[in-house]
Amino acid sequence: MQREVQLVWANCLRVIQEIVPEASYKTWFEPIVPLHLYGKVLTIQVPSVFFYEWLEENFVHAIRKALDAAIGRDGQLEYSIVVDQGDEKNRPIAVNMPTTKSPQSAKPDNVSPDILRSPFQLKDLDSLTLDSYLNPSYTFDNYVEGDCNRLARNAGYAVAARPGVTSFNPLMIYGGVGLGKTHLVQAIGNYIKNTNQDKFVLYVTSEKFTNQFLNAIKGDSMRDFSQFYMQVDVLVIDDVQFLQKKEKTQDIFFHIFNHLHQSGKQIIMTSDRPPRALDGLDDRLLSRFKWGLTTDLQTPDLETRIAIIQKKLQAEGVYIDDSVIEYLAHSINTNVRELEGVVVSLMAQASLNRREIDLDLAKMTLRNIVQNDEKEINIDTVQELVADFYNISIADLKAKSRKREVVYPRQVAMYLAKELTELSLKSIGYHFGGRDHSTVIHAIQIVNDLLKEKPDTKEEIAKLKAYFK
Ligand SMILES: Nc1ncnc2c1ncn2[C@@H]1O[C@H](COP(=O)(O)OP(=O)(O)OP(=O)(O)O)[C@@H](O)[C@H]1O
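Residue numbering for the sequence shown follows our numbering, beginning at 1 and increasing consecutively.
As C-alpha cells, this is what we get:
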C-alpha cells in the first residue's frame, strides 16, 4: 500500500514536472508528502493552508492532468494540512480538493470546520502557475532603449544581473500610463529567473497583494501570508500607488519589506507617480523607498518611437515602408501602449482587407481608432478643420505654395497644432510637407502677433478652437 501511493505520486510528479516551471516545482511540489491511496482517492500532505490554497489556485490544471494520467479521470485528491499551532501541532486536516467530485471521500471528523468555512482564498489570482505572473514575453531584448528610459533600463539591468547586491534596493520605477513600467520590471524578473533557477521571483500587483492580504485576514491565515512573502528572493510589486490610504496593507508590506531588505533580498517597485506625490502612504514606507534608487520613465522621443514600431514589426515578421513608420511615430506621441495598439490595428486592417500597409491605410486606421463620440484632436483633424474653414484643400496646406490664400491658413493650422496637440515642432513640420521646425516657430510667431493686432484673427482662432470643445 505504502509503495503504491509512492508510485502513484511519483507518476503524478512526472506529469507535473513537465508542465510547471522548475522553480515552481521545487517550491510547491517537492515539499508534498503522499500519505495514502484509498481506491481512487489519493491523499497528500501539504505544509499549510496557504500552501493548499496556492496549489489549488495556481496549479489545479497541472494536478488534474497528473491525476488523470496516474489514476484515471475519476481519480480524486485530498489534502491533509499540517497545522502548526499550539496544541494542535501537526494535526492533519483533510480538505477535499475542489477539482475532485466526491465530498464523501473527505473524512468528516478530520475536516476542520474553520478551514472549510474560511480558508485563505486566493480566488482573485488568475494565473495557472506562480511563475506565469511573470510574462516571459517581456524581456530586455525587446525593450527598446532611448533617452526616455536609459537610466531606468540600465539600473534594471544592473539589478537583474546582481539582485539584492547593488545599492539599487529597492529599485523604484515610476512613470505615466503605458510607458513600459510593467515591461521593464517583468524583464528584470524574467532575467533573474532565467539566470538563477533557484531564486524565487515573485511578481505581484499591489492590488493583488492587497486582496490576498484581506483574504488572509478573513481566513485567519495572516501568518501563512507573511511567511510566504518573506520567502521570496526577488519581490516585484507593481503599481504601489494602489497602497495609498490602505494603512493595514501598508503595515504588512512594511514588515515584509524590512524582512526582505535585511535578508539581502531584492525589491522592485513601480508607481504611476514619484514617491513624493504618493499621498496617503506612510512616511516610514516612503523613507524606505529612498534607500535605493528611484528613477522615472518619460514619454519616448521620436527616434525611440520609430525604434519601438520597428521592433514590434520585426517581432511580427511584418515589413512596412519607412514612410509609414515615420508617419505613425510622428502622429502618436502619447504612450507606447497606444503606439503598439495602432501598429496592431494596422496589421489587422491590412490582413482583413487583404491589402498592403501603405500611408493611406495608416491614415485610415488612425482615424478609425481615434474616432469616437468626442471630437478627437489630432494633426489630421486640425488640418481638416482649417482646410474646410478657409476653403482650401489639405494638399494645399502641405504643399510648397507661397500664395497668400494658402500661406495664412497653413500658419493658422500650424499654430493650432501646437496649441491643441502634444506634437513637437519637428513632428508638426513633418505633417506640413516635411517642413523644418523653424518654419513652424515662424508661423506660430506670426499668428501670435496677428492675435494681438487683428480682432479678425482672434475671432477666427476662437471659432476654430471652439470646434474642439
Ligand atoms: N521601451 C519599450 N520598448 C518596447 N516596448 C515597450 C517599451 N515601453 C513600453 N513598451 C510596450 O508598451 C506596452 C505598455 O507597456 P507597460 O504595460 O509596461 O506600461 P506601464 O507603464 O506598466 O503601463 P500602466 O501604467 O498602464 O500599467 C507593452 O506592450 C510594452 O511591451
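Every residue, glycine too, gets a C-beta built ideally from N, C-alpha and C.
Under DSSP, residue 45 forms a beta bridge with 33 and 80. Of the candidates 214, 182 and 79, the residue whose Cα lies closest to the Cα of residue 272 is 182. DSSP places residue 238 in the uninterrupted beta strand (DSSP E) bounded by 234-238. Linking residue 439 to residue 153 through their CA atoms gives a straight-line distance of about 36 Å. Listed in chain order, the alpha helix (DSSP H) runs fully inside the segment 283-371 are 283-289, 302-316, 322-331, 336-352 and 359-370, counting runs of at least 4 residues.
Distances from the CA of residue 308 to each of 398, 71 and 144 were compared; the closest alpha carbon is that of 144. With 16 or more other Cβ atoms from the protein chains shown falling within 10 Å of its own Cβ, residue 58 counts as buried. If you draw a 10 Å sphere on the C-beta of residue 141, you find fewer than 16 other C-beta atoms in it, and that means exposed. Of the other Cβ atoms in all chains shown, 16 or more fall within 10 Å of the Cβ of residue 414; this residue is therefore buried.
Distances from the alpha-carbon of residue 466 to those of 429, 211, 419 and 450 put 419 closest.
Burial check for residue 43: the Cβ neighbour count within 10 Å reaches 16 or more, so the residue is buried. Relative to ligand 1, the nearest heavy atom lies less than 7 Å away from the CB of residue 308. Residue environment: residue 445 is assigned as exposed (fewer than 16 neighbouring CB atoms within 10 Å of its CB, all protein chains considered). Contact between residue 324 and residue 357 holds: their C-beta atoms lie close to 6 Å from each other, under 8 Å. Residue nearest to residue 201 within the set 27, 342, 67 and 422 is 27 (criterion: CA-CA distance). In this structure, residue 142 has its beta carbon less than 7 Å from a heavy atom of ligand 1. Short of 6 Å from the beta carbon of residue 337, and not among the five residues preceding or following it, lie these beta carbons of its own chain, in chain order: 178. Check the Cα spacing between residue 230 and each of 244, 259, 239 and 252: the tightest is with 259. Short note on residue 175: C-beta closer than 7 Å to some heavy atom of ligand 1. The C-beta of residue 315 has fewer than 16 other C-beta atoms within 10 Å across all chains shown, which makes the residue exposed. Going by C-alpha positions, residue 332 is about 54 Å away from residue 70. For residue 174, the uninterrupted beta strand (DSSP E) segment begins and ends at 171-175.
Here residue 79 is not near residue 38, since their CB atoms are 8 Å or more apart. The closest heavy atom of ligand 1 lies less than 7 Å from the beta carbon of residue 149. Counting along the chain, residue 271 sits inside the beta strand (DSSP E) bounded by residues 266-271.
Proximity of the segment 202-218 to the segment 289-305 falls short of the contact definition, fewer than three beta-carbon pairs being nearer than 8 Å. Apart from sequence neighbours up to five positions away, the residues of its chain that approach residue 189 with a beta-carbon distance below 7 Å are 134, 201, 203, 234 and 236, ordered along the chain.
Around the beta carbon of residue 215, a 10 Å sphere encloses 16 or more other beta carbons of the protein chains shown; the residue is thus reported as buried.
Taking 7 Å as the cut-off, the C-beta of residue 311 counts as close to a heavy atom of ligand 1. Annotation for residue 20: no beta strand (DSSP E) segment contains it, and DSSP assigns it neither H nor E.
Apart from sequence neighbours up to five positions away, the residues of its chain that approach residue 29 with a beta-carbon distance below 7 Å are 13 and 16, ordered along the chain. Taking C-beta separations shorter than 7 Å and ignoring five residues to either side along the sequence, the partners of residue 426 in its chain run 302 and 437, following chain order. In this structure, ligand 1 has a non-hydrogen atom nearer than 7 Å to the beta-carbon of residue 179. Short of 6 Å from the beta carbon of residue 232, and not among the five residues preceding or following it, lie these beta carbons of its own chain, in chain order: 200 and 202. With contacts defined as CB atoms closer than 8 Å, residue 392 and residue 407 fail to qualify as a contacting pair.
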